[in-house]
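Residue numbers (the numbering used here): 226 to 721. C-beta: ideal position from N, C-alpha, C; glycine also. Since the model is a prediction, treat every value here as computed from it, not as a measurement.
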Ligand code: MZP
């Protein structure tokens, strides 16, 4: 037994000191691009993303809809592996086949939904229309469209979506094979503001006239050499011999082992399999780890990137259940040191994803300053319209469901199984406050990260890693930060 001569510290225990802000440090000059997969140190990574944010490999987080939205704003989602291989491959394919100009993010309501509820659901939704379906779920049978212009809240207060919607019989729709230019043609010819694209009686996407007018372009989009959106996918160390080929075939850009504890020979075996079968054509990330030994083991086994973090996730109870974990800051600082030493020795840079327990945007800035290349987030994305979980109202507030992969609900035996079954839980099943659209949230987070880097005098993440100066925060400083004040709720929280 050995006890490390250090205290396990969280990200909240650090602050950044401002650096010299020069004329170069303008928002337009700040480059948030991050490497995602291993490469020669000092050179560019094969896969770089313009927004250093990736989504957690979780049922409640990474759906194709979220993956499309996140890739559009420059991040990357990892479609979760806690599902049948063919279903996961179909999710990956859906993202790779996504067509620009077709919005997959939809608000859906049932015909019996009260208009007051429809109005609240649409508040803050930039495109302002909801799909009416038989079940009220986005993939239910399509009945019509309803937007804020279709009703007057006071006049129609007691009416329902079904009574005010534009029914499917009166609407021009298009099949999923329609091209964007044909879709726009239909919109203009039929004086419609929205065109539902239908497959098997269900809406698969919407084309909006206002997108055409706004020439909506995603300047940071994560795209491959064929301009298709990029997407990642989770794998496990059990069915990898079947899952990896199916995901590669579907077009996944990068894979990642999904495990709470990645320091194992099982991960090395998966990496070896991928290396033997695909050489350098397939990238497989590994983890999670919390120290330099584990990083080196996975880097030497060929990991494309390594994920850092055990026990910090918002829904995680691993520390209570198994006594395993490490404060995210201590884990990250240790692994960053090992990553840099490995790069120095071998000339190979293995990027790091800081995964779990980031409670606010400043934690992302701190993690990037400490040396993380990208941030993996679960709770952050679960709160948004694009996540696959249900949105519901509790005590007048809107929430979205969020459950851990170690919870009974997820039944993720490949990640958490004890002898192939789940004998105890390592995660909880709960709700997180609803926070609106991914597009708005990521834009705001990007603005905050940019502002932090400007204050610290850095215009790119490499300089930020090198030049950031951090201090530990005393318990007294914590108290001061928490001075009692009744804070006015920000407008975007009260929108619902
Ligand atoms: P967070 O962003 O919600 O704080 O954390 C997300 C991360 O928590 C995931 O990427 C994963 O590593 C981890 N996770 C997922 N499920 C559990 C669990 O049930 C968990 N214990 O710890």
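Boundaries (first-last residue) of the beta strand (DSSP E) holding residue 355:
Counting from one through the chain shown, the residue named residue 355 turns up at place 130. Where residue 355 is concerned, the enclosing beta strand (DSSP E) stretches over 354–358.
DSSP state of residue 721, grouped into three classes?
For the purposes of this step, residue 721 is taken as residue 496 along the chain shown, with counting starting at 1. Its pLDDT being 37, under 50, residue 721 is placed unreliably by the model, and nothing is read from it.
What are the start and end residues of the beta strand (DSSP E) that includes residue 271?
Sequence index remark: in the chain shown, residue 271 carries index 46 (1-based). No beta strand (DSSP E) holds residue 271; DSSP gives it neither H nor E.
Any C-beta of chain C under 8 Å from that of residue 436:
Looking at the structure shown, chain C is missing, and only one protein chain is on hand.
Please work out which residues of its chain come closer than 7 Å, Cβ to Cβ, to residue 718, disregarding the five sequence neighbours upstream and downstream, and give them in chain order.
Here the question's residue 718 lines up with position 493 in the chain shown. Note that residue 718 scores 44 on pLDDT, short of 50, meaning its location in the model is unreliable; the coordinates nonetheless yield the value given after this. Excluding sequence neighbours, residue 718 sits near nothing in its chain.
Short Cβ contact (8 Å threshold) for residue 622 with residue 454
Mapped onto the chain shown, residue 622 falls at position 397. Mapped onto the chain shown, residue 454 falls at position 229. Result no, Cβ atoms of residue 622 and residue 454 do not sit closer than 8 Å.
Mapping DSSP to helix, strand and coil, what is residue 233?
Here residue 233 refers to the residue found at position 8 when the chain shown is read from its first residue. It is coil, neither helix nor strand.
Selected residue, minimal CA-CA separation from residue 553, among 584, 576, 235, 270
What you label residue 553 is simply residue 328 of the chain shown in a count that begins at 1. Among 584, 576, 235, 270, the Cα nearest to that of residue 553 belongs to 235.
Check residue 594 in the structure and name its three-state DSSP category.
In the chain shown, residue 594 corresponds to position 369, counting from 1. DSSP places residue 594 in helix when its eight states are reduced to three.
Going by CA-CA distance only, name the one from 693, 701, 699 that's closest to residue 246.
Taking the chain shown and counting its residues from 1, one reaches residue 246 at position 21. For the residues 693, 701, 699, the minimum Cα distance to residue 246 belongs to 693.
Which of the three DSSP states, helix, strand or coil, is assigned to residue 625?
As a position in the chain shown, residue 625 is number 400, starting the count at 1. Of the three classes helix, strand and coil, the one that applies to residue 625 here is strand, per DSSP.
Can you tell me whether DSSP reads residue 694 as helix, strand or coil?
Translated into positions along the chain shown, residue 694 becomes position 469. DSSP places residue 694 in coil when its eight states are reduced to three.
Is residue 473 helix, strand or coil by DSSP?
By 1-based counting over the chain shown, the position of residue 473 is 248. Residue 473: helix per DSSP, three-state reduction.
On a Cα-Cα basis, can you pick out the residue from 299, 516, 700 that is closest to residue 258?
Stepping through the chain shown from its first residue, residue 258 is reached at position 33. The candidate whose alpha carbon is nearest that of residue 258 is 299.
Sequence-distant residues of the same chain with beta carbon closer than 6 Å to residue 284, five excluded per side
Within the chain shown, the letter at position 59 stands for residue 284. Taken in chain order, the residues that qualify are 305, 307, 635.
Using DSSP with H/G/I as helix, E/B as strand and the rest coil, what is residue 388?
Sequence index remark: in the chain shown, residue 388 carries index 163 (1-based). Here residue 388 sits in helix by DSSP.
Is residue 541 near the ligand MZP - that is, is its Cβ less than 7 Å away from at least one heavy atom of it?
Reading the chain shown from its first residue, position 316 is the one you call residue 541. It does: the Cβ of residue 541 is within 7 Å (strictly closer) of some heavy atom of the ligand MZP.
Using 8 Å as the cut-off, can you tell me whether the segment 247–267 makes contact with the segment 670–686, which would need three or more C-beta pairs spanning the two stretches below that distance?
yes
Straight-line Cα distance separating residue 589 from residue 671:
The residue labelled residue 671 in the question sits at position 446 within the chain shown. The residue labelled residue 589 in the question sits at position 364 within the chain shown. Rounded to the nearest angstrom, the two C-alpha atoms are 10 Å apart.
In the DSSP output, what is residue 367 paired with across the bridge?
Position 142 of the chain shown holds residue 367. According to DSSP, which records beta bridges pairwise, residue 367 is partnered with 358.
Would you be able to state if there are at least three C-beta pairs under 8 Å between the segment 374–394 and the segment 270–286?
no
Taking 7 Å as the cut-off, does the CB of residue 632 come closer than this to any heavy atom belonging to the ligand MZP?
Start at 1 with the first residue of the chain shown, and residue 632 comes out as number 407. Indeed, a heavy atom of the ligand MZP lies less than 7 Å from the Cβ.
Using C-beta distances below 6 Å, list every residue in its chain close to residue 398, excluding the 5 sequence neighbours before and after it, in chain order.
On the chain shown, position 173 is the one that residue 398 refers to. Here the set comprises 421, 423.
Put residue 411 into one of helix, strand or coil per three-state DSSP.
As a working mapping, residue 411 is identified with position 186 in the chain shown. Helix at residue 411.
To the nearest angstrom, report how far apart residue 363 and residue 334 are at their CA atoms.
Translated into positions along the chain shown, residue 363 becomes position 138. Translated into positions along the chain shown, residue 334 becomes position 109. Going by the C-alpha atoms only, they are around 8 Å apart.
Judging by CA-CA distance, which residue of 637, 301, 289 is the nearest neighbour of residue 312?
For the purposes of this step, residue 312 is identified with residue 87 of the chain shown, where counting begins at 1. Cα-wise, what sits closest to residue 312 is 289.
Excluding the 5 residues flanking residue 381 on each side, which residues of the same chain have their C-beta closer than 7 Å to its C-beta?
To locate residue 381, count along the chain shown from 1; it is residue 156. For residue 381, where only same-chain residues beyond five positions count, the Cβ hits under 7 Å are 340, 389.
Is residue 414 near the ligand MZP, going by C-beta to nearest heavy atom under 7 Å?
Stepping through the chain shown from its first residue, residue 414 is reached at position 189. Not under cutoff, so the answer is no.
Between the beta-carbon of residue 372 and the beta-carbon of residue 354, is there less than 8 Å?
The residue given as residue 372 occupies position 147 in the chain shown. The residue given as residue 354 occupies position 129 in the chain shown. It is a contact, given that the beta carbons lie within the stated cut-off.
Along the chain, which unbroken stretches of the alpha helix (DSSP H) at least 4 residues long are found entirely within the segment 306–337?
310–321
Compute the Euclidean distance between the alpha carbons of residue 516 and residue 336, then round it to the nearest angstrom.
Within the chain shown, numbered from 1, the residue matching residue 516 stands at position 291. Within the chain shown, numbered from 1, the residue matching residue 336 stands at position 111. Rounded to the nearest angstrom, the two C-alpha atoms are 53 Å apart.
Residues near residue 571 by beta carbon distance below 6 Å, same chain, minus five either side:
As a working note, residue 571 is residue 346 in the chain shown. Once the five neighbours on either side are set aside, residue 571 has no close Cβ partner at all.
Go ahead and label residue 592 buried or exposed: buried means 16 or more other beta carbons lie within 10 angstroms of its beta carbon, across all protein chains shown.
By one-based count along the chain shown, residue 592 stands at place 367. Buried, by the Cβ-count rule.
Would you check whether the ligand MZP has a heavy atom nearer than 7 Å to the C-beta of residue 604?
Position 379 of the chain shown holds residue 604. Residue 604: yes, Cβ under 7 Å from the ligand MZP.
When the Cα of residue 614 is compared with those of 620, 605, 309, 625, which residue comes out closest?
Here residue 614 refers to the residue found at position 389 when the chain shown is read from its first residue. Per the Cα distances, 625.
Excluding sequence positions up to five away, which residues of its chain have a Cβ less than 7 Å from the Cβ of residue 488?
As a first step, residue 488 must be located in the chain shown, where it is residue number 263. Hits under 7 Å: 514, 519, 522.
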